[in-house]
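Engineer: Residue numbering for the sequence shown follows my numbering, beginning at 2 and increasing consecutively.
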Amino acid sequence: MQILTVLSAIENIESSVAKLYEWFSDCFVADSEASGFFFRLAMQERSHATMVTFSKGLVRRSPNDFSTVDFDMALVDDLLQMVSNFRAQNPLPSLAQALDFAIAIESHAAEGIHRSMVIQSNPEIADMINNLAKDDREHSRLLKEYVEKIQRGIPVAG
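1. Indicate whether the contact test is met: 3 or more Cβ pairs, each with one atom in the segment 31–38 and one in the segment 62–73, closer than 8 Å.
2. Starting from the Cα of Gln3, find the closest Cα among Ser16, Thr69, Asp27 and Ala105 and give me that residue.
3. Taking the alpha carbon of Phe72 as the reference point, which residue from Leu8, Ile155 and Arg138 has its own alpha carbon closest?
4. Taking Cβ to Cβ, would you say Leu5 is nearer than 7 Å to Val77?
5. Write down the C-beta distance between Ser26 and Ala43 rounded to the nearest angstrom, noting that I regard them as a contact closer than 8 Å.
6. Could you check the C-alpha separation between Ser85 and Leu100 for me, to the nearest Å?
7. Within 7 Å (strictly less), CB to CB, does Val60 reach chain C?
8. Grab me the residues of Ser56's own chain with a C-beta within less than 7 Å of its C-beta, minus the 5 sequence neighbours each way, in chain order.
9. Which of helix, strand or coil does DSSP assign to His109?
Written out as structure tokens, the structure is:
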């Protein structure tokens, strides 16, 4: 598969997850901590999408520097369908539902497997891709930490 196709899929994932987190932020506007928490995650996902857009520009300028990769687009389709289904089935999600779903999204295979494919295509962009992976691991950690604080009744100012 062409690397631009893979990068477009990654960009779509990052943008879709950003929109999901923005929606969660709007859903919990009455809870400033929860709303702010999801807003920050959304902005980070937007930043990831911007980095991927930049990477696409690098590929367009030097397409011969990138090889084709094996990539399972079904993973991307599955993640995007999960997001769509969640929103359709949960028009007013509880905070617990939103957090559980966000954790599931951050640990979905499509959030990670594509990175090795891109690095395989051109090791020179490995740092950017590895930074995305690090940020996604941080999102998972922050989400789990937030859930624990809520469960213990600890204020979660952020």
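Using N, Cα and C, we set each Cβ at its ideal position, and we do this for glycine too.
Structural biologist: Short version:
1. No, the segment 31–38 is not in contact with the segment 62–73.
2. Out of Ser16, Thr69, Asp27 and Ala105, the CA that lies nearest to the CA of Gln3 is found in Thr69.
3. Check the Cα spacing between Phe72 and each of Leu8, Ile155 and Arg138: the tightest is with Leu8.
4. In this structure, Val77 does not lie closer than 7 Å to Leu5 by Cβ.
5. Yes, they are in contact, since the Cβ atoms of Ser26 and Ala43 sit about 6 Å apart, within 8 Å.
6. A straight-line Cα-Cα distance of about 16 Å links Ser85 and Leu100.
7. The structure shown has no chain C; it contains just one protein chain.
8. Result list for Ser56: Leu8, Ile126 and Met129, in chain order.
9. Look at His109 here: in three-state DSSP terms it is coil, with no helix or strand label.
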